[in-house]
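Peer 1: Those letters in the sequence shown? Residues -18 to -1, 1 to 273, per mature numbering (1 follows the signal peptide of the UniProt record, and there is no 0), in order. Following this message is one structure expressed as structure tokens.
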Amino acid sequence: MSTKVTVLGLGSMGTALAGAFLAAGHRTTVWNRTAGKAAALVEKGAAEAPDAAAAVAASPLVVVCLATYDTVHEVLDPLVGDLAGRTVVNLTSGAPEQAAEAARWAEEHGFRYLDGAIMTTPPGVGNPDFMFLYSGSPEALAEHRATLAALGDPVDLGTDVTLASLYDTALLGLMWSTLTGWAHGVALVGTDGEGKAAAFTAVAGRWMRAVEFFMNTYAPQADARSYPGDDATLDVHLAAIGHLAHASEARGVASGLPELFERLVKRGVDAGHGGDSWGRLVEFVRAEGRA
Ligand SMILES: NC(=O)c1ccc[n+]([C@@H]2O[C@H](COP(=O)([O-])OP(=O)(O)OC[C@H]3O[C@@H](n4cnc5c(N)ncnc54)[C@H](OP(=O)(O)O)[C@@H]3O)[C@@H](O)[C@H]2O)c1
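So this is what it looks like as structure tokens:
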């Protein structure tokens, strides 16, 4: 079903969002601070609004993708009167506390607010294999879910508006950890051409499925705060980390990662938890943050 949607912000991501709405047949109005970014979208059928006020007035659903939350306020604070009764879906990246503040701002001014996080780069927008995380107004998500599905698979994290940002930052942390491990692995197996990085990555991709299995093993342990080491203990991991440190040193590969692993796991072992699983590290990461 074709619905009216406005996209504020035509950076790399906003342009991809508007393109996906158009591709799904939605009547899409766009606006960007700097002129000249809408031409390709207009050719595909978008209406370009002369200013943000006209863009907001054009649709009951306003999707915002600007540089920061401060930018969102800069653009929308003067228009709060026009937002009343509409839904704002904010896909701008930010901190959970900023999402909470934005939800209070929306409530104060009588519009519905859904916070979102885009779990892809622009080329993945429009592909249902990629997730868009949402939290906040359940009514807004229920009403606009079908339209938002044009962007990617909508994942409902519930009414706590901070969760989309919180999951976003946590998932980015997971991505950076994984990609840093990948970079370390590629450096270790050799970067002297001959397709060694590609060969390693093919094996690493299969290994990621095993890592997902391990996470699924440790998640219920972390929830129960009980970490039986009946698959592999921290003692066993510590010895294996020593092999990674040794192989890295022997090949002149930067040692930051094995040192980090060793420090964390040794804390667990030194505290008498050498027989526990890797899940025990959740406790130590948490405790270090409070120390
Ligand atoms: N790119 C990604 O892969 C990706 C992935 C997930 C999430 N995100 C998030 O999506 C948001 C946009 O990212 P992007 O990649 O599209 O960034 P971008 O290409 O740098 O675009 C930034 C947008 O913000 C606008 N803007 C900046 N300051 C402004 C101001 N003071 N007033 C009005 N508009 C202003 C820019 O308008 P002008 O054209 O006038 O400068 C432009 O439309 C960010 O929060 C980013 O973290 C991006």
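Backbone N, C-alpha and C fix where the C-beta goes; we use that ideal spot for every residue, glycine too.
Report all residues from its chain with a CB closer than 7 Å to the CB of R233; omit the five preceding and five following residues, and keep chain order.
Peer 2: L170
Peer 1: In the DSSP output, which residue or residues are listed as bridge partners for T(-13)?
Peer 2: T11 and V44
Peer 1: Okay, do the stretch 6 to 20 and the stretch 33 to 47 touch, 3+ Cβ pairs below 8 Å being the bar?
Peer 2: yes
Peer 1: Between the stretch 182 to 202 and the stretch 237 to 247, are three or more C-beta pairs nearer than 8 Å?
Peer 2: no
Peer 1: Kindly give me the distance between the Cβ atoms of V143 and D97, rounded to whole angstroms, as I take these residues to be in contact under 8 Å.
Peer 2: About 5 Å separates the two Cβ atoms, so the contact holds.
Peer 1: As a quick exercise: from G163, E176 and E265, pick the residue whose alpha carbon is nearest that of I223.
Peer 2: G163
Peer 1: Compute the Euclidean distance between the alpha carbons of residue 293 and F266, then round it to the nearest angstrom.
Peer 2: The structure shown does not extend to residue 293, since the chain is modelled only from -18 to 273, so the question has no answer here.
Peer 1: Can we count I223 as close to ligand 1, meaning its CB is less than 6 Å from some heavy atom?
Peer 2: no
Peer 1: Closest to L153 by CA distance: which of G92, V218 and F114 is it?
Peer 2: F114
Peer 1: Thinking C-beta only, is S41 closer than 7 Å to G7?
Peer 2: no
Peer 1: Starting from T69, follow its DSSP beta bridges and name the residues at the other end.
Peer 2: L43 and R94
Peer 1: Using only Cβ atoms and a threshold of 6 Å, which residues come within that distance of a heavy atom of ligand 1? Order them by chain position.
Peer 2: G(-10), L(-9), G(-8), S(-7), M(-6), G(-5), N14, R15, T16, K19, C47, L48, A49, T53, E56, V57, T74, S75, I100, T103 and P104
Peer 1: Going by DSSP, what residue range makes up the beta strand (DSSP E) through M157?
Peer 2: Unbroken run through M157 is the alpha helix (DSSP H), L145 to V171; no beta strand (DSSP E).
Peer 1: Taking one C-beta from the stretch 44 to 64 and one from the stretch 16 to 24 each time, how about it: are there three or more such pairs within less than 8 Å?
Peer 2: Two segments are said to touch when three or more pairs of C-beta atoms, one from each, lie closer than 8 Å; by this definition the stretch 44 to 64 does not touch the stretch 16 to 24.
Peer 1: Identify the continuous alpha helix (DSSP H) that holds V24 and give its terminal residues.
Peer 2: A21 to E25
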